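**Q** Right, I'll just put the structure down here and ask away after.
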Amino acid sequence: MTRHLVVAGHGMVGHRLVEELVEAGGLEGPEAWEVTIVGEESRPAYDRVALSSAFAGAGEDQLTLVADGFFDTPGLRLLVNEAVASVDPQARTATTTTGRVLAYDHLVLATGSRPFVPPLPGKDLPGVFTYRTLDDVEAITAWCAGRRTGVVLGGGLLGLEAANALRLLGLEVHVVEMAPRLMPVQLDDGGAAALRTRIEALGVHVHVGASSQEIEAGPDGAVVGLRLADGTTLAADVCVISAGIRPRDDVARGCGIGLHERGGILVDEACQTSDPAISAIGECAVAAGRVWGLVAPGYKMAAAVADRLTGGDATFEGADLSTKLKLLGIDVASVGESHGPGAVLDDPRSSTYKKIRLDAEGRVIGAVLVGDASSFGDLVQLHRSGAAVEDVLTLLAGTAAPAATGPSALVCSCNSVTTGDLITAIEADGICDLATLKTCTKAGTGCGGCVPTVKVVLERQLAAQGVAVRRGLCEHFPDRTRQDLYDICRIGQVRTLADLLASHGQGRRGCEICKPTVASILASLGGGYVLDGEQAALQDTNDFALANLQRNGTYSVVPRMPGGEVTPRQLMACAEVAEDYDLYVKVTGGQRLDLFGAKLDDLPAIWARLGEAGLESGHAYGKALRTVKSCVGINWCRYGVQDSTEMAKLLELRYRGLRSPHKIKMAVSGCARECAEAQSKDVGVIATEAGWNLYVGGNGGFRPRHADLLAEGLSDAELVRAVDRFLQYYVRTGERLERTAAWIERIEDGIEHVRRVVIDDSLGLGAELEAQMAAHVEGYECEWAATLRQPERLARFQTYVNEGAST
Amino acid sequence: MSILDPTTTTPASVGTTAAASETNSRQNRWHDVCGLDRLTVERGASALVDGRPVALFRLDDDEVLAVDDVDPFWGVPVLSRGLVGCIGGRDTVASPLLKQRFDLRTGACLDDPTVTVAVWPVQVQQGRVAVTPPPSLAGP
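Going line by line, the protein sequences match chains W and B.
In terms of our numbering, the first sequence has 642 at position 642, counting the first letter as 1, and numbering is strictly consecutive.
Adding 1000 to a residue's 1-based position in the second sequence gives its number in our numbering.
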């Protein structure tokens, strides 16, 4: 007989319960559950942990946790904008805020928590917000438009998230924490001090040990500041209260089930309340003696209840609270019991702090990491396995070998996936790519911190199964990747494909794969005019014509317009050639003009005229820098905080003509509103009042990817240096036709690795990469100017090679 | 020099004179195209012969191969602009449009066995390149 399950709350944990239930087959068979989920918000479950990414432009569709078509599953029903208002445990009915009465055989309370708002005068003023839902995000965003300063009450995890959100909205931010340090629950004094230094370097003002007295109103009744106990007032146009959470237990309170004396629904190890027909999971529950304010324990509770609903006997007996976060771009992690004495690495120069606590037997009992959390995975495994640490100093330095990975080693702590689970999926389901493995096992889909480990397990397992992971470029270089060939050419001074084939390849001639790859490598290494000598034979079709082949065999012509700026004279030149050669003109997404329909024979004449007007090749035909998109910035825009157009021009003129594994797109936005869409570019720059924030690895196109933040608060010179290094490192190590997005996802440790190399110069390559870029800038010449200068170079721009044949 | 077939009526041939290398045999007309030095090693070039675009490829040993220039997948004369390669010992060109590869000696498409392009016989004599239409294209 069908049984009715009502789930009160459609947050992360409530949704996970339903997913687990569906997966366990709970909606099938003679005892199938018919599930009604009641969600108070206007939208289905979304990733609350990533809430601040909504300020960085993540849309609802990126945050949603609901797979396409999930609620088409028969037996599932989702009600939104509706909450369970009361429960009658005798009648086994739940009544919603719209008066709907839902009968249940089992009820799961997953009502989560609400922000705690201290009884502070002024807490209800316009401009005072809490920070928990996407509705909060929308309200804060709307309020902050045109406003300058904000204050966040609370320097805990959520408070710092909120501070980041305000920062992303372009506000100057104060964080006020009552405790004597930031993140008092997770961090010790040393870690909090390192975090504070780093946060202040971003321009955020931190006030610790400060208690708030009153939120002050201005003449219009809206918030104008926060007065502290010491009498000072922080001016603020917006105030976000993030002073902790309280379990939402009102419904339980109303129906008489057991509560904890300090709030929260008491449950046993089965997550069952004092009424056997009612369970509670997530932040509304007090399980194993406490409220678990992280998502991973909530997911464990959801799994336990789903198991019991399908006849199992799983339990929740507490969870490891080890956690790794990125707050304002800063890595912060804590493992086990982090408070107490331990071995400490405290480097004020780099604002990096690490503490590892060992017991008498050398087992890890806790750790704190700030600024560099790269050893988090190893420490968590050591903590869980209880293996003794031989050399704590090596571990502190972060150079220890990865922890042993037996099948029971936990890889993904968010979703409780072990190495064994991954291996089973790879073996039994024949999975051989990371994306599928993540989807099937959920590993790496929470905080994402374990993705590099998941990848290693996958590669090892595939290798063990004898699945050849061929990395060779083509049949001529079966054992060489593009990176190998780049190094061979760079170090060995090899400058022709023939030499490369003779020394490191097979056969005498190349193919359509290796030829353009080698052409690109040689061009990156400063090979001179790309159509001279053997290089002419290697170039891709477009590079050979210095124009883009279109589907009808004609070409398109794209002059460079740095910063999207064009003079009337140049515009006239474009108009004239378009008219004379019957070209279709389109303004591109990259803020320049594309002239379509040019015949091969006409390209030199067209370029001669464009060149006279001062226009040069836009390299739209090359695997090279395309364009640096920009907004108008501080000169015109009311919100701009820096001159984005000038910076875009500087970057475009610096990196123009740089040949790379694939095309490179860039953008510069003059404020956090991000009109230039920099976070969808290979290199994106966003202005803040504290300097430039540099994002890398973004992509639009087939598989969109948001860029990762590489560095913040950079000066002009620091920005250029970081981009120099980043681009040259990508050129050096990227694979053929691998955009920066795929590159960062492929390389071990991803953005962390890139940051170490580019920002921290961990490989000592910085000076060399900068010198390579300097040589590129020095050696740049417009390829069309170089072509037109030497008449013999024009012979190839002829549709028919037989003399006299006209087109 | 020019298009050299006296029987053709294409505008390109009007007013041109027949070259010595030309024969008047319809079955075996050799069309002088250009000097070998006009062709870039390991690249293609297009020539208009009898009104048909022909793709010529000069390999690294100076052998010249020719196929119809029209990409059979798109109907556009661009194969001459593709990349020349050597794949599994076969001399190939990859279409610059969607990258299908063709065997320059047999005309077979490596990526779709149902598709071929016509192969044109080529002569290189005294530094001049000449082609003749394949039997499938030669007139009666």
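For glycine and all other residues, C-beta sits at the position ideal for the given N, C-alpha and C.
Being a predicted model, the structure only gives us computed values, none of them experimental.
Taking DSSP as the reference, what is the three-state secondary structure of W:G507?
**A** W:G507: coil per DSSP, three-state reduction.
**Q** For B:A1108, would you say it is in contact with chain W, using Cβ-to-Cβ distances shorter than 8 Å as the test?
**A** B:A1108 does not count as touching chain W.
**Q** Would you verify that the beta carbon of W:L549 is, or is not, closer than 8 Å to some beta carbon of chain B?
**A** It does; some Cβ of chain B falls within 8 Å.
**Q** So which residues of chain B does W:V801 contact, with C-beta pairs closer than 8 Å?
**A** What W:V801 touches in chain B: V1033, C1034, R1038, L1039, A1045, S1046, A1047 and L1056.
**Q** Between W:K300 and chain B, is the shortest Cβ-Cβ distance under 8 Å, so that the two count as touching?
**A** It does not: the Cβ of W:K300 has no partner Cβ on chain B nearer than 8 Å.
**Q** Apart from the five residues on each side of it in sequence, which residues of its chain come closer than 8 Å, Cβ to Cβ, to W:R92?
**A** Here the set comprises A103, Y104, D105, L107 and A277.
**Q** Please decide whether W:E475 counts as near chain B, where near means a Cβ-Cβ distance under 8 Å.
**A** So yes, W:E475 belongs to the interface.
**Q** Give the range of the beta strand (DSSP E) segment to which W:L369 is assigned.
**A** V364 to V370 is the extent of the beta strand (DSSP E) around W:L369.
**Q** What is the residue span of the beta strand (DSSP E) that W:T334 lies within?
**A** It is worth fixing the name first, because residue 334 of chain W is Ser in this sequence and not Thr. Start and end: I330 to G336.
**Q** Quick one, are the C-beta atoms of W:Q664 and W:A707 less than 8 Å apart?
**A** This sequence places Ile at residue 664 of chain W; Gln is not what is there. Not in contact: W:I664 and W:A707 (Cβ atoms no closer than 8 Å).
**Q** So does the stretch 363-379 of chain W actually touch the stretch 326-344 of chain W, counting three or more Cβ pairs closer than 8 Å?
**A** Yes: at least three Cβ pairs fall under 8 Å.
**Q** What is the DSSP secondary structure of W:K326, reduced to helix, strand or coil?
**A** Reduced to three states, the DSSP call for W:K326 is strand.
**Q** Measuring alpha carbon to alpha carbon, tell me which of W:L710, W:D484 and W:V332 ends up nearest W:D760.
**A** Considering only alpha carbons, the answer is W:L710.
**Q** Let me know the secondary structure DSSP gives W:W692 once reduced to three states.
**A** W:W692 falls in the strand class under three-state DSSP.
**Q** Answer with yes or no whether the minimum CB distance from W:P184 to chain B is below 8 Å.
**A** Chain B contact via Cβ: absent.
**Q** At what residues does the beta strand (DSSP E) containing B:D1103 begin and finish?
**A** Looking at the DSSP string, the run of the beta strand (DSSP E) that includes B:D1103 is R1101 to D1103.
**Q** With DSSP collapsed to three states, give me the class of W:Y581.
**A** Correct three-state label for W:Y581: coil.
**Q** W:I330 and W:L166 - do their beta-carbons sit closer together than 8 Å?
**A** Contact flag unset, no.
**Q** Straight-line CA distance for B:R1029 to W:E735?
**A** One C-alpha to the other measures close to 49 Å.
**Q** Let me confirm a value: W:V7 is counted as buried when at least 16 other C-beta atoms fall within 10 Å, else exposed. Which label applies?
**A** Burial call: buried.
**Q** Assuming B:S1080 contacts B:D1091 under a Cβ cut-off of 8 Å, what Cβ separation, rounded to an integer in Å, is found between them?
**A** About 14 Å separates the two Cβ atoms, so there is no contact after all.
**Q** Please confirm whether W:L188 and W:S375 have their CB atoms less than 8 Å apart.
**A** The residue you asked about is not Leu; residue 188 of chain W is Asp in the sequence shown. Contact flag unset, no.
**Q** For the pair the stretch 3-17 of chain W and the stretch 295-305 of chain W, tell me if three or more CB-CB distances fall below 8 Å.
**A** The stretch 3-17 of chain W, when compared against the stretch 295-305 of chain W, does touch it at the 8 Å Cβ threshold.
**Q** Say whether the stretch 26-45 of chain W touches the stretch 141-151 of chain W, bearing in mind that this needs 3 or more beta-carbon pairs closer than 8 Å, one atom from each stretch.
**A** Counting Cβ pairs under 8 Å, fewer than three are found: no touch.
**Q** Which of the three DSSP states, helix, strand or coil, is assigned to W:Q550?
**A** Of the three classes helix, strand and coil, the one that applies to W:Q550 here is coil, per DSSP.
**Q** Would you please state the rounded distance, in angstroms, between the beta carbons of B:R1052 and B:L1039? I believe it to be under 8 Å.
**A** Wrong, their Cβ atoms sit about 18 Å apart, outside the cutoff.
**Q** I'd like to know whether the C-beta atoms of W:V628 and W:A667 end up nearer to each other than 8 Å.
**A** Yes; because the gap between Cβ atoms is below 8 Å, this pair is in contact.
**Q** Quick check on DSSP: helix, strand or coil for W:Y729?
**A** The answer is helix: DSSP assigns W:Y729 an H, G or I state.
**Q** Check whether the Cβ atoms of W:A443 and W:L422 lie closer than 8 Å to each other.
**A** The answer is yes: Cβ separation under 8 Å.
**Q** Any beta-carbon of chain W closer than 8 Å to the one on B:W1074?
**A** So, interface residue.
**Q** Contact between the stretch 209-217 of chain W and the stretch 378-396 of chain W: three or more CB pairs below 8 Å?
**A** In short, these stretches do not touch, since the Cβ pair count stays below three.
**Q** Report yes if the CB atom of W:R551 is closer than 8 Å to the CB atom of B:L1097, and no otherwise.
**A** Their beta carbons are under 8 Å apart, which means W:R551 touches B:L1097 by this criterion.
**Q** Could you name the residues of chain B that W:G622 contacts, counting a contact when the two beta carbons are closer than 7 Å?
**A** Going along chain B, no residue has its Cβ under 7 Å from W:G622, so there is no contact; the nearest lies around 14 Å.
**Q** If you compare alpha carbons, which of W:A741, W:P119, W:M1 and W:T96 is closest to W:V80?
**A** Minimum Cα distance to W:V80 is reached at W:T96.
**Q** According to the neighbour-count rule (16 or more other Cβ atoms, all chains shown, within 10 Å of its Cβ), is W:L109 buried or exposed?
**A** Counting Cβ neighbours within 10 Å, W:L109 comes out buried, since at least 16 surround it.
**Q** Span of the alpha helix (DSSP H) holding W:H339?
**A** Element bounds for W:H339: n/a, residue is neither H nor E.
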